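Mind the numbering: the sequence shown is residues 88 to 170 in my numbering, read in order.
One structure is given here, and the rest of the page talks about it.
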Amino acid sequence: MNCKHLKFICHSRVGRMVEEHELPIGSEVMPLDFKVDIKVNCADCGGELLFWGMPMGVHPTRPTISADQKEVRLNAGIELKAR
Ligand SMILES: [Zn+2]
């Protein structure tokens with residue numbers, strides 16, 4: 088493979104964790120929490136970036152990666168001025 092991997096395509100998926108009306112009283116879960124899953128491919132050869140440095144799986148507050156290391160899973164929230 089002679090690709091120099093100079094351009095990339097980032098695929099992201101954002102999921103809402105909890106709808107506000109679904110929150111139980113006293114819940115510590117923020118109503119505007121999101122999960123953001125990201126994959127990155129080389130735009131020329133399609134090679135997938137592998138991620139490391141984070142545990143595998145899913146965690147409610149910490150970033151993780153998928154078992155195949157091709158997806159990073161982040162936790163996010165909306166900035167205060169947008170709430
Ligand atoms: Zn490439």
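Glycine residues also receive a C-beta, built at the ideal position from the N, C-alpha and C atoms.
From a predicted model like this one, the values you see are computed outputs, not experimental measurements.
| said: What I want to know is whether the C-beta of Asp124 ends up closer than 7 Å to one or more non-hydrogen atoms of ligand 3. | reply: The model on display carries ligand 1 but not ligand 3.
| Where Ile61 and Gly113 are concerned, what is the direct C-alpha to C-alpha distance, given to the nearest angstrom? | Lying outside 88 to 170, the shown extent of the chain, residue 61 is not represented and no answer is given.
| Ends of the beta strand (DSSP E) at Gly133? | For Gly133, there is no enclosing beta strand (DSSP E), as DSSP gives it neither H nor E.
| query | Near Gly164, what residues of its chain come up, given a Cβ to Cβ distance below 8 Å and the 5 sequence neighbours on each side ignored? | reply | Hits under 8 Å: Met117, Leu119, Asp120, Phe121.
| message | Considering only heavy atoms of ligand 1, does any lie closer than 7 Å to the CB of Cys97? | response | Within the chosen limit of 7 Å, ligand 1 does not reach the beta carbon of Cys97 with any heavy atom.
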